[in-house]
Every structure is written in C-alpha cells, then in structure tokens.
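Peer 1: Quick one: this structure, given as structure tokens, is what I'll be asking you about.
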Amino acid sequence: PPPSSAIPSRQDDDFISRGSLDKIRQICARPASRAALAGLGGVGKSQIAIEYSYQVRDESPDTLVFWVHAGTQARFEEGYRRVAEATKMDGWDNPK
Numbered sequence: 003p004p005p006s007s008a009i010p011s012r013q014d015d016d017f018i019s020r021g022s023l024d025k026i027r028q029i030c031a032r033p034a035s036r037a038a039l040a041g042l043g044g045v046g047k048s049q050i051a052i053e054y055s056y057q058v059r060d061e062s063p064d065t066l067v068f069w070v071h072a073g074t075q076a077r078f079e080e081g082y083r084r085v086a087e088a089t090k091m092d093g094w095d096n097p098k
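Pasting the structure below:
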C-alpha cells in the first residue's frame, strides 16, 4: 500500500519532549515493533503519541502511521479493522 498517515490531531508547536520520545524511538527502532502508552488521564500520553507519529511521518515518509483508539474493546477492534482494510491485509474483507 502507499504510505499513509492517520493521526487524529494537529501537531502541537509548543510540545516539549520529556525523554519519553527517546524511549519510544528506542523500542520502535526494532523490526515489527509496537509500543503502548498507559497511565492516568490528562498526563500527556496522547500528546506524546501524536508528536512521535508526526516525527516518524516526517522523517520516514515510507512508514505507515495509524492511530488506534483503545479506550474500549470495540474501538480497539474497529481501529485494527481499519488498519487491515487500509493495508489490504490478507483476509481483511473476511473477518472471522
């Protein structure tokens, strides 16, 4: 598939890195990697993820960037269905 970005919010020009981005970069530098941000609401998880997503998109235009909401199981599953459809994964149109 062609490169894609599905980032839900605009980049914050006033974002200040807190070291978390370095840790995420380290984790995600490995092939087929993934990372999850967990914590109390309002501590900046979404802003860290948004900033990381924009940086990856800008530095590596061939990298696919998708945003999957995980607040509920239903939203999580729907997000991954959309990723499967966008990337035309085998069986995306025949979920079981």
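Note that the sequence shown covers residues 3 to 98 in my numbering. Don't be surprised by glycine CBs; every beta carbon is placed ideally from N, CA and C. These figures come from a predicted structure and were not determined experimentally.
Short of 7 Å in beta carbon distance, which residues of its chain neighbour residue 94, apart from the five on each side in sequence? Order them along the chain.
Peer 2: Residue numbering aside, residue 94 sits at position 92 when the sequence shown is read from its first letter. Here the set comprises 86 and 87.
Peer 1: Since residue 100 is in the alpha helix (DSSP H), which residue starts that stretch and which ends it?
Peer 2: The question about residue 100 has no answer here: the residues shown for the chain are numbered 3 through 98.
Peer 1: Would you say residue 17 and residue 53 are within 8 Å of each other, going by their C-beta atoms?
Peer 2: Residue mapping note: residue 17 aligns to position 15 of the sequence shown, counting from 1. Residue mapping note: residue 53 aligns to position 51 of the sequence shown, counting from 1. At the C-beta level, residue 17 and residue 53 come within 8 Å of one another.
Peer 1: So is residue 55 buried or exposed if we call it buried at 16+ other beta carbons inside 10 Å?
Peer 2: The residue given as residue 55 occupies position 53 in the sequence shown. The residue in question, residue 55, is buried, as its Cβ has 16 or more Cβ neighbours within 10 Å.
Peer 1: Answer yes or no: do residue 58 and residue 67 have a C-beta to C-beta separation smaller than 8 Å?
Peer 2: On the sequence shown, residue 58 is found 56 positions in, with the first residue counted as 1. On the sequence shown, residue 67 is found 65 positions in, with the first residue counted as 1. A contact, by the Cβ cut-off of 8 Å.
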